[in-house]
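Trainee: What follows is a single structure, and I will ask about it in a moment.
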Amino acid sequence: MKQNPIENWISTDKRLNELIIEIELTDKTLTEKAEMVFDKLSELYEIPRMPTDVLEDEFDDDFDGVTDQRSLFEEHALIKYLADENEDPRGMVLSAAFHLLNDYRVDLFQVAEKEFGKNIPEKCKIGIKGEGHNGEVVFPQNESISWFDLGCKIMKQIN
């Protein structure tokens, strides 16, 4: 049986394994532990924490001004949006970090499809508001106000 790539990462990366053990030994809630993992993984692996931490020179090869790089905040919020309600919050943070370190990205069309089904609006906007571990995906066209007024830290447009 093939090992889960995240389990493999945990078992082969000594720094990560030690970090997880350190956090698990605390008497914090699962959500508090996830917040700790979020901050510590960002620091340990030098992953951009928030969209403002993504360097401007990390653009894609198309020179269209759209960055392929995502922050941990963005990837985590997208994973959390797609996840089941009872998903372990620590695992979602680990998944987001793993994605970014291995050049995986959540497919924005999958996010839009969860919200709109097969009726994805033209120029669909996906915003993410919040801070750190508490990012939340929103769809400005559903709210009838701008992504900025919704408090979004970043907004992506698809199709």
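First residue of the sequence shown: 9, per our numbering; consecutive thereafter.
Even glycine gets a Cβ: it sits at the ideal position worked out from N, Cα and C.
It should be emphasised that the depicted structure is a prediction, and the values quoted were computed from it without experimental measurement.
Would the beta-carbon of residue 40 be found less than 6 Å away from any heavy atom of the ligand NAP?
Mentor: By its list of ligands, the structure shown contains no ligand whatsoever, and the ligand NAP lies outside what it can speak to.
Trainee: Alpha carbon to alpha carbon, how far is residue 121 from residue 42? Give it in angstroms, no decimals.
Mentor: For residue 42 and residue 121, the distance between alpha carbons rounds to 27 Å.
Trainee: Rounding to the nearest angstrom, what Cα-Cα distance links residue 130 and residue 136 in this structure?
Mentor: Approximately 19 Å, taken between the alpha carbons.
Trainee: Helix, strand or coil for residue 165, going by three-state DSSP, please let me know.
Mentor: If DSSP states are grouped into helix, strand and coil, residue 165 belongs with the strands.
Trainee: Mark residue 159 as exposed unless 16 or more other C-beta atoms lie within 10 angstroms of its C-beta, in which case mark it buried.
Mentor: Residue 159 is exposed by the Cβ-count criterion.
Trainee: Locate the beta strand (DSSP E) running through residue 48, then write down its first and last residues.
Mentor: Segment 38–52 is the alpha helix (DSSP H) holding residue 48; no beta strand (DSSP E) there.
Trainee: Quick check: what's the CA-CA separation for residue 19 versus residue 127?
Mentor: The straight-line gap from Cα to Cα measures roughly 42 Å.
Trainee: Which value, in whole angstroms, describes the spacing of the CA atoms of residue 139 and residue 79?
Mentor: Going by the C-alpha atoms only, they are around 12 Å apart.
Trainee: When you compare only the Cα positions, how much space is there between residue 149 and residue 34?
Mentor: Cα to Cα, the separation comes out at about 42 Å.
Trainee: So residue 84 and residue 100 are supposed to be a Cβ contact under 8 Å. How far apart are they, rounded?
Mentor: That pair is a contact at about 6 Å.
Trainee: Using only CA atoms, which one of 146, 102, 86 and 53 lies nearest to residue 14?
Mentor: That would be 102, whose Cα lies nearest to the Cα of residue 14.
Trainee: Do residue 39 and residue 97 have their C-beta atoms closer together than 7 Å?
Mentor: Result yes, Cβ atoms of residue 39 and residue 97 sit closer than 7 Å.
Trainee: If we count the other Cβ atoms within 10 Å of its Cβ and call it buried at 16 or more, is residue 153 buried or exposed?
Mentor: With fewer than 16 other Cβ atoms within 10 Å, it is exposed.
Trainee: Output needed for residue 55: all residues of its chain with C-beta closer than 8 Å, excluding positions within five of it in sequence on either side, in chain order.
Mentor: Excluding sequence neighbours, residue 55 sits near 49, 79, 80, 105, 108 and 109.
Trainee: Would you kindly check if the distance between the Cβ of residue 166 and the Cβ of residue 90 is under 7 Å?
Mentor: Contact flag unset, no.
Trainee: Give me, in chain order, the residues of the same chain whose beta-carbon lies closer than 6 Å to that of residue 163; leave out the 5 immediate sequence neighbours on both sides.
Mentor: Closer than 6 Å at the Cβ level, and outside the excluded window around residue 163, lie 133, 135 and 155.
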